[in-house]
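J.: Numbered by the numbering used here, the letters in the sequence shown go through residues 5 to 273 in order. Before I ask anything, here is the structure I am working with.
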Amino acid sequence: MSREAQEVAWPHLGKEIFVANWKMNGSLAFVEAYGARLLEQHSTISKKACVVVCSPTPYLKTLRDAVQGAVFLGSQNTATAQSGAFTGEMSANMAADIGCRYGLVGHSERRRLYHENDTIVVEKALRLVEAGVVPILCIGETEEQREMNETAEVLHQQLRHISSLGPTSGLIVAYEPVWAIGTGKTPTPDNVQKTHRIIYEILEEHGLCNVPLLYGGSVTATNAGDFLALKEVQGVLVGGASLKTDEFLQIIQCLDKISQASVHCSLDQ
Ligand code: PGA
């Protein structure tokens, strides 16, 4: 794929990535107000930022209409199948059809509550790629695994099928330690840096270079700058704090305060 084609397919290329994951929160009124606020504040968002909002499925179209292209849409979950008798599921093609350019896969809540294993996760990611949607693959260790010093091994396991996506998938990986999600606890920036270096090594072993890495887990407007300042971090995945439009905007604005906020994810490196 040429650089021009990549830039069209992957709007995050060369940018810092900010992903809001609303999970199963919100209402029609909330989506309309949130979208209107993002549109109104659009001019304050740095050109170096790629902003993605993953709303619950039923609200994607409302959000799309409200933001008018000011931010990108992301799905929270899509099926392994392309179509057919799968009650309650949304296919990757449907996500693309409704305007999603990005799609979460492998979130720890999906892994834990809906028993999605690494095979299912990579299948979902493949469907997204086939539909022209960039997968944001979430990985991370539990508290117990961390205490047992198993983090590197767990990350290896979670990424073991990743080469089937191939080098032109536009893949983004989000490191989200399970113990940091929704708990107010975070690893130190030093820890994140070390873990991201391990993830780069694993991805390289699978022939995937220059994959943007996000940090996620209790990111707030107070701590986002500490993670974004690391050259090993190309963006953040934000849950709880993304439900407050102004806090999410403040998180994006952290980018302006970081001197070395330039691009880390060029494919030309
Ligand atoms: P949190 O969630 O920011 O509320 O910890 C992050 C996530 O689950 O993606």
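Note that beta-carbon positions come from the ideal geometry of N, C-alpha and C, so glycine has one too. Owing to the predicted nature of the structure, the values given are computational and were not obtained by experimental measurement.
Tell me, to the nearest whole angstrom, how far the beta carbon of residue 177 is from that of residue 143; I am working on the premise that it is less than 8 Å.
T.: Numbered from its first residue, the sequence shown carries residue 177 at position 173. Numbered from its first residue, the sequence shown carries residue 143 at position 139. The Cβ separation is near 7 Å, so the contact holds.
J.: With three or more C-beta pairs closer than 8 Å as the rule, is the stretch 180 to 188 touching the stretch 200 to 211?
T.: They do not touch, by the three-pair rule.
J.: Note down the Cα distance separating residue 52 from residue 174, rounded to an integer number of angstroms.
T.: The residue you call residue 52 lines up with position 48 of the sequence shown. The residue you call residue 174 lines up with position 170 of the sequence shown. Their Cα atoms are separated by approximately 18 Å.
J.: Could you please give the first and the last residue of the uninterrupted beta strand (DSSP E) stretch that includes residue 25?
T.: Counted from its first residue, the sequence shown places residue 25 at position 21. That run of the beta strand (DSSP E) goes 20 to 25.
J.: Measuring CB atoms only, is the stretch 233 to 250 touching the stretch 20 to 27, in the sense that at least three cross pairs come out at less than 8 Å?
T.: Segments in contact, yes.
J.: Evaluate the contact criterion for the stretch 31 to 43 versus the stretch 62 to 82: three or more CB pairs, one atom per stretch, below 8 Å.
T.: Taking 8 Å as the limit for Cβ pairs, the verdict is that the stretch 62 to 82 does touch the stretch 31 to 43.
J.: What do you reckon, are the CB atoms on residue 49 and residue 256 nearer than 8 Å?
T.: Here residue 49 refers to the residue found at position 45 when the sequence shown is read from its first residue. Here residue 256 refers to the residue found at position 252 when the sequence shown is read from its first residue. Yes, Cβ-Cβ distance for residue 49 and residue 256 is below 8 Å.
J.: Give me whichever residues DSSP pairs with residue 76 in a beta bridge.
T.: Taking the first residue of the sequence shown as position 1, residue 76 is located at position 72. 56.
J.: If distances are taken between C-alpha atoms only, which option among 17, 18, 38 comes closest to residue 253?
T.: Against the sequence shown, residue 253 aligns to sequence position 249. Selected option, being the one with the closest Cα: 38.
J.: Whose C-alpha, out of 102, 103, 54, 164, is nearest the C-alpha of residue 124?
T.: For the purposes of this step, residue 124 is taken as the residue at position 120 of the sequence shown. Measuring from the Cα of residue 124, the nearest candidate turns out to be 164.
J.: Helix, strand or coil: which one does DSSP assign to residue 178?
T.: Along the sequence shown, read from residue 1 onward, the residue named residue 178 stands at position 174. Strand.
J.: For residue 184, which residues from the same chain have a beta carbon less than 6 Å from its beta carbon, with the 5 sequence-adjacent residues on both sides left out?
T.: As a working mapping, residue 184 is identified with position 180 in the sequence shown. Counting only Cβ-Cβ distances below 6 Å, and skipping sequence neighbours, we find 190, 221, 222.
J.: For residue 106, which beta-bridge partners are listed by DSSP?
T.: Sequence index remark: in the sequence shown, residue 106 carries index 102 (1-based). Paired residue(s): 78, 138.
J.: Suppose you measure from the CA of residue 193 to the CA of residue 58; what does that come to, to the nearest Å?
T.: Here the question's residue 193 lines up with position 189 in the sequence shown. Here the question's residue 58 lines up with position 54 in the sequence shown. Whole-angstrom Cα-Cα distance: 25 Å.
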